[in-house]
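The opening residue of the sequence shown carries number 479 in this note's numbering; numbering runs sequentially from there. These notes concern the structure reproduced below.
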Amino acid sequence: MVSSGPRSFGSFVGGNRDRFEDQRRRPQTGLPPHDVSAEEAVIAALLLDDDAYARVLPIVKPEDFFREQNGWIYEACLSVAERGEEVTIPTVAHELDRAGHLDEAGGEPYLVEVAGKYFTAVGVETHARIVARDALYRRLIQAAGQIASIAYEGGPDVKSVLSQAEGLLLGLRTAEAAGDFKVLRDLLDEFLEAPDEDEDGEL
C-alpha cells in the first residue's frame with residue numbers, strides 16, 4: 479500500500495448502523511434478501527481507509543453483492559489493492575474502465591456519491607458480514623427451490639432424495655457462513671437418522 483490510515487470526506491453523520499438494521503427488518507417486497515446500503519458502506523470503507531482491505535477480504539466476495547455494479551466496484555478495489563496501489567476513486571475508476579465496467583457501474587460520479595455517503599470505515603466488518611449473510615440466504619432460497627423440485631419428483635428412496643438435498647446445501651458452505659451451515663446440517667442429520675416409513679406411509 480502507498481499509505482495507511484483513514485481518509486476523511488467529512489464529519490461522520492450518526493445513525494447509519496440503525497439504518498442498516500431498519501432496512502434488514504423491512505426488506506423490499508418481492509426481492510430476495512439484500513442490503514444495498516451495506517454494500518455501499520463496504521465500498522466506501524475501501525475508498526476511505528487503506529486498512530479496510532485486509533478487514534473485509536476474508537468475509538465477502540464480489541459475487542456476494544446483490545447489485546451487480548457494486549460487485550464490479552468491490553472487485554476493482556480488490557484488484558487495485560492486490561497490486562499494492564492505493565485504493566482511490568481515480569485508481570478504482572481506471573480499473574473499472576480496464577474491465578469494461580466503468581460506465582455500467584455509474585462512473586466516477588457514483589464512486590464519489592458512495593464515498594460521500596458514509597464518511598468512515600467504522601463497522602466495515604459488520605457491513606461486510608451483512609452482505610455475505612444476505613448472499614448466503616439468496617443461495618439458500620435458490621437451493622430450496624431445487625430441493626422442492628427434487629422432493630416433488632419423489633421416489634421410493636427417501637435417503638437418496640435427502641442425500642441430494644444435502645449435496646445442494648454442502649455447495650453453499652463458506653468459512654464465514656459455517657455457523658448457519660451447521661444448523662442446516664444438524665437438521666438434515668435428524669432426518670437421515672429418523673426411522674424409514676413403511677409402504678403405507680406410517681412410521
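Ideal Cβ placement from N, Cα and C applies to all residues, glycine included. As the structure is a computational prediction, the values presented were derived from the model and not from experiment.
Contact check, residue i vs residue j under 8 Å by CB: the rounded distance?
{"i": "residue 558", "j": "residue 603", "result": "Incorrect: roughly 20 Å between the Cβ atoms, too far for contact."}
{"i": "residue 537", "j": "residue 606", "result": "4 Å"}
Which residue wins for smallest C-alpha separation from residue i, given the options the options?
{"i": "residue 511", "options": "624, 527, 649 and 618", "result": "618"}
{"i": "residue 509", "options": "615, 520 and 565", "result": "615"}
{"i": "residue 610", "options": "532, 541 and 531", "result": "541"}
{"i": "residue 574", "options": "555, 594, 647 and 626", "result": "555"}
{"i": "residue 549", "options": "577, 561 and 563", "result": "577"}
{"i": "residue 624", "options": "595, 608 and 647", "result": "647"}
{"i": "residue 562", "options": "586, 601 and 529", "result": "529"}
Where residue i and residue j are concerned, what is the direct C-alpha to C-alpha distance, given to the nearest angstrom?
{"i": "residue 544", "j": "residue 513", "result": "8 Å"}
{"i": "residue 674", "j": "residue 527", "result": "In this prediction, residue 674 scores a pLDDT of 48, lower than 50, which makes its location untrustworthy; no coordinate-derived value is stated."}
{"i": "residue 581", "j": "residue 570", "result": "13 Å"}
{"i": "residue 551", "j": "residue 642", "result": "36 Å"}
{"i": "residue 589", "j": "residue 518", "result": "9 Å"}
{"i": "residue 521", "j": "residue 649", "result": "27 Å"}
{"i": "residue 539", "j": "residue 524", "result": "14 Å"}
{"i": "residue 567", "j": "residue 584", "result": "12 Å"}
{"i": "residue 531", "j": "residue 620", "result": "30 Å"}
{"i": "residue 645", "j": "residue 597", "result": "43 Å"}
{"i": "residue 628", "j": "residue 516", "result": "34 Å"}
{"i": "residue 608", "j": "residue 572", "result": "28 Å"}
{"i": "residue 579", "j": "residue 631", "result": "42 Å"}
{"i": "residue 564", "j": "residue 622", "result": "41 Å"}
{"i": "residue 587", "j": "residue 600", "result": "23 Å"}
{"i": "residue 626", "j": "residue 594", "result": "44 Å"}
{"i": "residue 553", "j": "residue 560", "result": "10 Å"}
{"i": "residue 634", "j": "residue 591", "result": "57 Å"}
task = Could you tell me whether the stretch 629 to 642 touches the stretch 541 to 556, where touching means 3 or more Cβ pairs closer than 8 Å?
result = no
Continuous alpha helix (DSSP H) assignments of at least 4 residues falling wholly in the stretch 617 to 657 = 636 to 648
task = Go through the stretch 535 to 573 residue by residue and report every complete run of the beta strand (DSSP E) that reaches 3 residues or more, in order.
result = none
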